[in-house]
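Residue numbers (UniProt numbering), protein chains in the order written: chain X, 1 to 315; chain V, 1 to 90. Quick reminder that beta carbons are idealized off the backbone N, C-alpha and C, glycines included. Structure first, then comments.
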Amino acid sequence: MRFDSLIDSVGRTPLVGLPRLSPSDEVRIWAKLEDRNPTGSIKDRPALWMIEQAEKDGLLSPGCTILEPTSGNTGISLAMSARLKGYRLICVMPENTSEERRQLLRMWGAEIISSPAAGGSNEAVRVAKGLAAENPDWVMLYQYGNPANWRSHYESTGPEILEDLPTITHFVAGLGTTGTLMGVGRYLREQVPGVQIVAAEPRYGELVYGLRNVDEGFIPELYDASVLTTRFSVSSADALARTRELLGAEGIFAGISTGCALHAALGMARKAVQAEERADIVFIVADGGWKYLSTGAYEGTLNEAEDRLEGQLWA
Amino acid sequence: MAIEVRIPTILRTYTDGAKAVDASGATLDELIGDLEARHPGLRARLVDEGKLRRFVNVYLNDEDVRFLGGLGTPVTDGDTVTVLPAVAGG
């Protein structure tokens, strides 16, 4: 495959079967390897779409400053695009995200403003909205509410999956900005009657929820529950166990949010086996495990890894 | 047997600090009614005008009850119900 530049190589990622984790020939599980994007995560798609939409809308021109609340991957993708296109990037990032993400952001030239650990990404969103109000010349792409986020998946991720697997019955992905599920979900619902769209939501340790008042929660503006068939909350322990299982059984070295999605995918597979129905279940490998090595997720017992992950934003 | 309800930190003022409490009922609505009888004030933090509050997520055995049947979702002994505030990802 040949491309004119790195940016042009976003997408067209492999879809690989999981022969050992799939329950049978009738119920199969497939991994969409989004870690094979230029900066190593699925976020290269929405980052590129959001920047190019802002350029089309006349909001961005070289020299402009982009501001974004991000727990890491979106920031890293934006940093790569911003560097190549000549923009300054400021990321607002919760302080309880991994050191690797910070180093990667700095490496591509992004500036980081830390938001308090307690409250997680909610706090980053709140801080970024405040900064945007104070600096009207900065452009906040705002992944949680920017339609170009879900459109990137409607126009690229979804069609790629259907082309590779026309017999798809289930699509499972992690729920963050909701962009992947909204975009792929809408596309597949238009193309595949009866397809099930399943969200896997990370359930963090208590610190992340600790100070949240139940009247001040956050739901991304992009979220439309009618696109989903159902939604699961996956504990850190289950996500970690599945991340290791994926590595051990299938050789795929993925980040922890992938274990979260795989847990829900295996749950849907179990239901299909019980109902004696055929199923082709696609789940998203959002990124590789490299950025999480320092969290200790892959070493020692699961209990030790879970303890180390307490209070970390791992998705 | 009863149904275990996991309570988020912010609502533990209603449960004397307990992380999880037991309750019973045939539906989620009845379960929350029973919780209210044992821990007065809790219901209003979860339910408003007959619906789950916007920023409150309730999971029955890890599945979001909004996709099961909302407050009318049937529950049985041995189930686990988890209450969490809505947070952002990404």
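Neighbour-count burial assignment, residue i, 16 or more Cβ in a 10 Å radius
| i | result |
| --- | --- |
| Lys19 (chain V) | exposed |
| Gly289 (chain X) | buried |
| Ala199 (chain X) | buried |
| Ala31 (chain X) | buried |
| Asn37 (chain X) | buried |
| Leu293 (chain X) | exposed |
| Asn96 (chain X) | buried |
| Pro69 (chain X) | buried |
| Pro62 (chain X) | exposed |
| Lys43 (chain X) | buried |
| residue 367 (chain X) | Within the shown structure, residues of chain X are numbered from 1 to 315, placing residue 367 (chain X) beyond reach of any answer. |
| Pro40 (chain V) | exposed |
| Gln191 (chain X) | exposed |
Chain V within 8 Å of residue i, Cβ atoms only
| i | result |
| --- | --- |
| Ile219 (chain X) | yes |
| Glu276 (chain X) | no |
| Thr39 (chain X) | no |
| Thr65 (chain X) | no |
| Val10 (chain X) | no |
| Ala305 (chain X) | no |
| Ala225 (chain X) | yes |
| Asn122 (chain X) | yes |
| Phe232 (chain X) | yes |
| residue 383 (chain X) | One cannot answer for residue 383 (chain X) here, as it falls past the ends of chain X, which runs 1 to 315. |
For residue i: DSSP bridge partner residues
| i | result |
| --- | --- |
| Lys19 (chain V) | Note: Lys19 (chain V) sits in no beta bridge, so no partner. |
| Ile29 (chain X) | X:Ile281 |
| Ser94 (chain X) | At residue 94 (chain X) the sequence reads Pro, which differs from the Ser that was named. Answer is X:Ser115, bridged to Pro94 (chain X). |
| Thr80 (chain V) | V:Glu4 |
| Ile66 (chain X) | X:Leu89 and X:Val139 |
| Asn61 (chain V) | For Asn61 (chain V), which the question treats as bridged, DSSP gives no partner whatsoever. |
| Arg232 (chain X) | It should be noted that the sequence gives Phe, not Arg, for residue 232 (chain X). Phe232 (chain X) pairs with X:Ala200 and V:Glu63. |
| Leu15 (chain X) | X:Lys32 |
| Val56 (chain V) | V:Pro85 |
Residue-chain proximity (residue i, chain X), Cβ-Cβ < 8 Å
| i | result |
| --- | --- |
| Leu60 (chain V) | no |
| Arg66 (chain V) | yes |
| Leu82 (chain V) | Note on residue identity: the sequence assigns Thr, not Leu, to residue 82 (chain V). Taking Cβ atoms only, chain X reaches closer than 8 Å to Thr82 (chain V), which makes this a yes. |
| Pro74 (chain V) | no |
| Glu49 (chain V) | no |
| Glu4 (chain V) | no |
| Glu36 (chain V) | no |
| Gly90 (chain V) | For Gly90 (chain V), the predicted structure reports a pLDDT of 47, less than 50, and the residue's modelled location is therefore unreliable. The matter cannot be settled from this model. |
| Glu63 (chain V) | yes |
Simplified DSSP state of residue i, which is helix, strand or coil
| i | result |
| --- | --- |
| Arg20 (chain X) | coil |
| His170 (chain X) | strand |
| Val198 (chain X) | strand |
| Arg66 (chain V) | helix |
| Ile56 (chain X) | The sequence shown places Lys at residue 56 (chain X), rather than the Ile named in the question. Note: Lys56 (chain X) maps to helix in three-state DSSP. |
| Lys51 (chain V) | strand |
| Leu181 (chain X) | helix |
| Val10 (chain X) | coil |
| Gly288 (chain X) | strand |
| Ser5 (chain X) | coil |
| Ser41 (chain X) | strand |
| Pro147 (chain X) | helix |
| Pro193 (chain X) | coil |
Start and end residues, alpha helix (DSSP H) containing residue i
| i | result |
| --- | --- |
| Pro159 (chain X) | Gly158 to Asp164 |
| His153 (chain X) | First-last for His153 (chain X): undefined, no H or E at that position. |
| Leu104 (chain X) | Glu99 to Met107 |
| Ala265 (chain X) | Ile256 to Gln274 |
| Val127 (chain X) | Ser121 to Glu134 |
| Ala37 (chain V) | Leu28 to Arg38 |
| Ala225 (chain X) | Where Ala225 (chain X) is concerned, there is no enclosing alpha helix (DSSP H), given that its DSSP letter is neither H nor E. |
| Arg43 (chain V) | Leu42 to Leu46 |
Any non-hydrogen atom of the ligand NAP within 7 Å of residue i CB
| i | result |
| --- | --- |
| Leu35 (chain V) | The model on display carries no ligand, and the ligand NAP is accordingly not part of it. |
Cross-chain neighbours of residue i in chain A, by beta carbon under 9 Å
| i | result |
| --- | --- |
| Arg203 (chain X) | Chain labels in this structure do not include chain A; the protein chains are X and V. |
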